[in-house]
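These notes are about the structure you will find just below.
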Amino acid sequence: MENNHNKQRVDKLIDGFRLIDDTFMNVVFQGNLKAVELILSIILAKQGIVVERLEVQKTMINPETGGKDIAFDIYARDNSGKRYDIEMQRSGGVLVLKKRGRYYSAALDHVMLKEGEDYRDMKDSYVIMFMEEDYLRGNKPVYEIERINLSMNVRFDDGNHIIYVNCAYKDSSTEIGRLVHDLLCREASEMYYDELKKSVAYYKYDERGRAEMCKEVEEYAKDYAKEYAEEYAKEYAEEYAKEYRKQAEEAKANEATAKENEIRAKENEAKMKQKFDDMIMNTIKKKRNLKMTEEEIKSFIMDVYDLNEKEADAYIKSA
1 MENNHNKQRV DKLIDGFRLI DDTFMNVVFQ GNLKAVELIL SIILAKQGIV
51 VERLEVQKTM INPETGGKDI AFDIYARDNS GKRYDIEMQR SGGVLVLKKR
101 GRYYSAALDH VMLKEGEDYR DMKDSYVIMF MEEDYLRGNK PVYEIERINL
151 SMNVRFDDGN HIIYVNCAYK DSSTEIGRLV HDLLCREASE MYYDELKKSV
201 AYYKYDERGR AEMCKEVEEY AKDYAKEYAE EYAKEYAEEY AKEYRKQAEE
251 AKANEATAKE NEIRAKENEA KMKQKFDDMI MNTIKKKRNL KMTEEEIKSF
301 IMDVYDLNEK EADAYIKSA
C-alpha cells in the first residue's frame, strides 16, 4: 500500500514538471544541443548559432577561501567561442536578481581566457535568466542589460551581456511568447517547438524516459520542500513586517491623545518590536543552518524586513 502511494506521488510530480523546474530542466537539457540552440536563437534573435559544448549544472569553484561557488544551470559554448549561461530564476526579488546576474556574468568571463592569452581574445558572454515573474516590472518580454559610457551616453561594447526573460509575458504570436509558453507547459502535446516537445514527451510518456525521471524525483522532492518552506517563511515575514509597521505608526499617532494611550502605545510597540526582533533573529539562525553565507543572510533580511545595512549588521552580530 505504501509503495503504491509513493508511486502515485512520484507520478504526480513527474506529470507536473515544467522545463523551468530545475530537476526536469537538468534531465531534458543535458546533451540536448538542439534545444539550447533553439533558446539562444530566439532570445538573441540570431539564426545559425551552433553549440559545440554543453554542460548542465556546471560548477565553478571560487578560489578564495570561504568564497561562494556557483553552478550554471545550462552552460554552453558555440563554435565562435562565445559563452552562454542560461538560468531558470523561479523566485527571489529584484535585488537578488540583479546581484545574481552580475555574479554569474563575472564567473562566466573568468573562464574565458587561458594563461598567456590576450584580453583582445575574449569573446562575448551572455547570462540569460528566465524569470517566472516580471520582477523588473516593465511589462517587457526581454530586458537587455549592457554597460554604457555615461559620460558620452553610448554603449561600452565590451562584449558582456545580461538578459532577463519575462516568463509572465503571454503572446503566442511571437517566438519569445511561444518559447515562454513551452517552458511553463506541463503537456508535450500543447507545446510549440519540436526541439522541446520531443524531449518532454520522452521523459514524461516513454517508459525508459520516465524511469530516468523517477531516479531524480527524490532529490527534487527535497529541494522542493526546502524552496516551499523558504518561500512561505518569506511571505509570512513580509506580512508580519507590514503589520508591525502599521501598528507602530498607529501607536505613534495615538501618543498625543492622552497619557494613558501613550503608555499603552509604547507598551504595545515594545512588544511588537521584541517580537519583530525575535523573528529576525530566528530567521538568521535558520539561514545559518541552511549553510547560507553571512552576506546572503544580510541581503535576505534587508530585502524581507526592509532594513538598512547598519540595522542588518547589528542583527547578524547579535544572533
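In terms of the UniProt record's numbering, the sequence shown opens at residue 1 and continues consecutively.
A virtual CB, placed ideally from N, CA and C, is assigned to each residue, including glycine.
This structure is a prediction, so every number in the text was calculated from the model and none was measured.
Handout entry: 9 Å Cβ cutoff met for C167 and E132
Key = As a first step, residue 167 is located in the sequence shown; it is residue number 167 there, counting from the start. As a first step, residue 132 is located in the sequence shown; it is residue number 132 there, counting from the start. Cβ distance < 9 Å, so C167 and E132 count as in contact.
Practice task
Let me know if H110 comes out buried or exposed under the rule of 16 or more other beta-carbons within 10 Å of its beta-carbon.
Solution key: For the purposes of this step, residue 110 is identified with residue 110 of the sequence shown, where counting begins at 1. It counts as exposed.
Handout entry: Contacting residues, own chain, Cβ-Cβ under 8 Å from E260 (five flanking each side not counted)
Key = For the purposes of this step, residue 260 is identified with residue 260 of the sequence shown, where counting begins at 1. Cβ neighbours of E260 beyond the five flanking positions: none.
Handout entry: Counterpart residues of I70 in DSSP-defined beta bridges
Key = For the purposes of this step, residue 70 is taken as the residue at position 70 of the sequence shown. BP columns for I70 point to M60.
Problem - Cross-strand partners of F130 (DSSP beta bridge) - result: Within the sequence shown, residue 130 is the residue found at index 130, counting from 1. M88 and V165, per the DSSP bridge assignment.
Practice task
Using only alpha-carbon positions, find the residue among E262, A319 and D277 that is nearest to residue 324.
Solution key: With the chain covering only 1 through 319, there is no way to say anything about residue 324.
Handout entry: Beta carbon proximity, C167 to chain D, threshold 9 Å
Key = The structure shown contains no chain D; it is built from a single protein chain.
Exercise for the section: Find out if the Cβ-Cβ distance for the pair K68, Y104 is shorter than 9 Å. Expected result: As a first step, residue 68 must be located in the sequence shown, where it is residue number 68. As a first step, residue 104 must be located in the sequence shown, where it is residue number 104. Not in contact: K68 and Y104 (Cβ atoms no closer than 9 Å).
Practice task
Decide if residue 360 is buried, meaning its Cβ has at least 16 other Cβ atoms within 10 Å, or exposed.
Solution key: Beyond the ends of the chain as shown, which are 1 and 319, falls residue 360; an answer cannot be given.
Handout entry: Bridge partners - N268, DSSP secondary structure assignment
Key = Indexing the sequence shown from 1 puts residue 268 at position 268. According to DSSP, residue pairing for N268 in a beta bridge does not occur.
Problem - Distance, K46 Cα to Q8 Cα - result: Position 8 of the sequence shown, counted from the start, is the residue given in the question as residue 8. Position 46 of the sequence shown, counted from the start, is the residue given in the question as residue 46. Straight-line Cα distance between these residues: approximately 43 Å.
Exercise for the section: Over the uninterrupted alpha helix (DSSP H) stretch that includes E190, give me the two end residues. Expected result: As a position in the sequence shown, residue 190 is number 190, starting the count at 1. Counting along the chain, E190 sits inside no alpha helix (DSSP H), nor does DSSP assign it H or E at all.
Handout entry: Helix, strand or coil at L44 according to DSSP, with G and I counted as helix
Key = Looking up residue 44 in the sequence shown gives position 44. Three-state DSSP puts L44 in coil, outside helix and strand.
Problem - Three-state secondary structure (DSSP) of V51 - result: Taking the sequence shown and counting its residues from 1, the one referred to as residue 51 is at position 51. Strand.
Problem - Beta-carbon proximity list for P141, same chain, < 8 Å, skipping 5 on both sides - result: Within the sequence shown, residue 141 is the residue found at index 141, counting from 1. Contacts found: V165, N166, Y169, D171, T174, I176, G177 and V180.
Exercise for the section: Could you tell me whether any non-hydrogen atom of the ligand SAH is closer than 8 Å to the CB of N289? Expected result: Absence of the ligand SAH is noted for the structure shown, with no ligands found whatsoever.
Exercise for the section: Could you tell me whether the stretch 186 to 193 touches the stretch 146 to 163, where touching means 3 or more Cβ pairs closer than 8 Å? Expected result: Fewer than three Cβ pairs drawn from the stretch 186 to 193 and the stretch 146 to 163 lie within less than 8 Å of each other, which leaves the two stretches out of contact.
Exercise for the section: Would you please state the rounded distance, in angstroms, between the beta carbons of I49 and D78? I believe it to be under 8 Å. Expected result: Reading the sequence shown from its first residue, position 49 is the one you call residue 49. Reading the sequence shown from its first residue, position 78 is the one you call residue 78. 6 Å between Cβ atoms; contact.
Exercise for the section: Between the Cα of L38 and those of K271, E195, R90 and T293, spot the shortest distance and give me the residue it belongs to. Expected result: Position 38 of the sequence shown holds residue 38. When C-alpha distances from L38 are compared across K271, E195, R90 and T293, the shortest belongs to E195.
Practice task
Please determine, among F29, A35 and D206, the residue with the shortest C-alpha to C-alpha distance to K58.
Solution key: Position 58 of the sequence shown, counting from 1, holds the residue named residue 58. Sorting F29, A35 and D206 by C-alpha distance to the C-alpha of K58 places F29 at the top.
Exercise for the section: Within its chain, find whatever has a CB closer than 6 Å to the CB of A201; leave out the 5 residues flanking it on each side and keep chain order. Expected result: Residue mapping note: residue 201 aligns to position 201 of the sequence shown, counting from 1. Cβ neighbours of A201 beyond the five flanking positions: A188.
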